[in-house]
Amino acid sequence: MRSLSLLPLLMLVAGSALAQSPTYGLGRTPTAEEIRAWDISISPAGDELPPGRGTPEEGALVYQRKRCGTCHGPEGEGGRADRLVKRESGSAADPWAWGRVLPIRAPYATVVWDYINRGMPLNREGTLTADEVYALTAYLLYINDVIAEDQVLDAESLPQIEMPNRETWAELPDWKPGMPRLQGYPY
Amino acid sequence: MGSTRPGRRGFLKGGAALAGGLTMGAVEPALGQTLGSGPLGYIKGTDELIAYGERSRFVTSVRIQHPPGGRPSPDGFGLVFHVATPLQDSVGVITPSSLHFVGTTRGSFMPDIDPQEHRLMIHGMVDRPLTFTMEDLKRLPSVTRTHFIECAGNSSRSDRRTAQETHGMTSCAEWTGVPLSVLLEEAGVQDGAPWIVCEGTEEVKGSSSIPMAKAMEDCLVAYGMNGEDLRAQQGFPLRLMVPGFEGIFHTKYLRRIKVVDRYYMTYNDYGHLTQDPDAAALGYQIGPKSVITYPSGGQELPGRGFYEISGLAWSGGGAIRRVEVSTDGGQSWSDAEIKGTADRMAHARFGFSWNWNGQATELQSRCTDELGQVQPSRAQVAEFFEVPLGPSFRVPGRDNSIQPWRVASDGSVHNAIA
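As given, the protein sequences belong to chains A and B, one line each in that order.
According to our numbering, the first sequence holds residues 48 to 234 in order.
According to our numbering, the second sequence holds residues 19 to 436 in order.
Below, the structure is given as structure tokens:
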């Protein structure tokens, strides 16, 4: 009885301090180095981009050296894997008419960098250096007329690239529990 | 044991003939039906059968690549892309783990993960970054829930023949794990963090952005499936369940959750991009959807008479409240019976009693979920968006339209999408 009667008082005293405390105390705190080793996410703002640099010209060499063309075609088209250069058939003013081509449809250049870094080359994922990823990104943006031939990409310049699709994609509605998919849509 | 005794079959045949004679007039026996021959033999126990059972050799239902004629699984490299569940053979609501559909980001090998070495890291905008072992996770309070997962590419077309080809990229299982909200609260989410980014361990480290509101509402970090550990093709040892959202969000081989300040536009997110706000809103969470699995395309009705029409209904918006069936091509509708409990974001099994008069007709089902969303016909969707309903019409967002099956007078069943 005595301990129970103390409980409300204890909760009052400890309440504010303990509100954010773990309940179960399981798991372990990773070191900063462990987090760095695993954290390959890249924000559209580029916060996590590592040091390094690359140009379109260097990227063309990496594209050859890593044999990207074996799957993607010698110049980003005609291979078995995804096309990497925009289709010229569509309207010159409409990025959505250029096909589902990552280095032109992605709203942010960070998406291109992130995917090359995490997912390429097939079966050797994660083996490219930061410089190689910057260079390949620069090459792909150059052959899609997004950046100039002499543009240097690094952690600072990459997030600032104005991708043609930056403003033209539809944002998802704020998700809330119990929310129908589309207001006014009965289905 | 193990052999068929000569004479046994003849004896049973004689019995069948006798029984048939006695009941003549009471019930008309189906043409050619006998009492059957009994077991073909008796199978000895083996160590394998005792250790991990297997189904009868007469049950041959299997998964197939999706879509038919599309990218094969496995492909020449051994990559698995999309594999569809044989819904036309399903009973109840649980998809057997061996038959659960498989979807991968871009074609994937299956990570061979030692669970002792697997870790889940939670970091980013949290007060206490944490890594959990599988043992840590299994010590935490668990929940068990039944949920469907449906791939965004699960859409019917006129050239798909069976329920497996039209709807096989959805499955439903019982999942066990820890609520994601528990793990996020252990880490202490900071203010101004409306999104999380989840990442798997496969080669491409598939990654999706998920709203924090959904993460805290009902997401599950699951290690169990249908009463055992996750299957390797389903993300062993750990996957994220995002109930009611498209399959791609249900991150397999989950290794990392980063709490972030904005939509991260991962490669998976990029794959969903559209410029149409309506289509964007209609992606993401699965709409109310149902399909008749019996009778369905490719099956044959042996003759006129009684059938229980059977099918599945589900919605990303919650529980199924109502299923209706039409046996006249959508002209009239009657309520079907929902079997058992209809769980939230789970397949519900429905049944509908039907006497087939032997004439050609068309069967349809439609469902209503707890939000009042009603499954539409393709024509209703086209009318709503004021676009023509032709063969090239695609339902915006994710296709949840009514599947019509045409029953021909010979009893054969066909996809009735024009």
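Even for Gly, the Cβ is constructed at its ideal location relative to N, Cα and C.
- Between A:R152 and B:L291, the beta carbon gap of about 7 Å places them in contact (Cβ cut-off 8 Å).
- Minimum Cα-Cα distance from B:L198 among the listed residues B:Y302, B:I228, B:L330 corresponds to B:I228.
- Within the same chain, Cβ atoms closer than 6 Å to the Cβ of B:P104 are found at S79, Q182, the five residues on either side in sequence being excluded.
- For A:I82, at least one C-beta of chain B is nearer than 9 Å to its own C-beta.
- Within the segment 133-165 of chain A, the residues whose Cβ lies closer than 8 Å to any Cβ of chain B are, in chain order, W143, L149, R152, A153, P154, Y155, T157, V158, D161, Y162, R165.
- For the pair B:C216 and B:L258, the CB atoms are nearer than the 9 Å cut-off.
- B:E326 and B:I310 have their alpha carbons spaced roughly 11 Å apart.
- Looking at the DSSP output, B:G369 bridges to B:S328, B:E355.
- If you draw a 10 Å sphere on the C-beta of A:S136, you find fewer than 16 other C-beta atoms in it, and that means exposed.
- The DSSP-derived three-state label of A:Y186 is helix.
- Annotation note: the segment 228-289 of chain B contains the following uninterrupted beta strand (DSSP E) runs of length 3 or greater, listed N- to C-terminal: 238-243, 257-259, 274-278.
- In the displayed model, B:Q208 falls within coil according to three-state DSSP, outside both helix and strand.
- Only those residues of the segment 89-100 of chain A whose C-beta falls short of 7 Å from the nearest C-beta of chain B are listed: S90, P91.
- Against B:R257, chain A offers no close residue; the least beta-carbon distance is about 18 Å (beta-carbon pairs closer than 9 Å).
- Nearest to A:R134 by C-alpha distance, out of A:C115, A:V159, A:D192, is A:D192.
- Below the 9 Å Cβ cutoff, chain B contributes G335, G336, E388, L389 as neighbours of A:G225, in chain order.
- At the C-beta level, A:A177 and A:P98 come within 9 Å of one another.
- Distance between B:I140 and B:W374, taken at the CA atoms: about 57 Å.
- Around the beta-carbon of B:C169, 16 or more other beta-carbon atoms lie within 10 Å, marking it buried.
- The beta carbon of B:A170 sits no closer than 9 Å to any beta carbon of chain A.
- Only residues of its own chain outside the window of five on either side were considered, and among them S308, V309, I310, T311, F368, S383 have a CB closer than 7 Å to the CB of B:G329, listed in chain order.
- Residue contact with chain A for B:M139: present (Cβ-Cβ distance below 9 Å to some residue of chain A).
- By the Cβ test, the segment 50-67 of chain B is not in contact with the segment 139-159 of chain B, since fewer than three Cβ pairs between them sit closer than 8 Å.
- It is roughly 21 Å from the alpha-carbon of A:L229 to the alpha-carbon of B:Y288.
- For A:T117, not one C-beta of chain B is nearer than 9 Å to its own C-beta.
- Going by beta carbons, B:R416 and B:N244 fall outside the 9 Å limit.
- Unbroken alpha helix (DSSP H) stretches of 4 residues or longer found wholly inside the segment 165-221 of chain A: 177-190, given in chain order.
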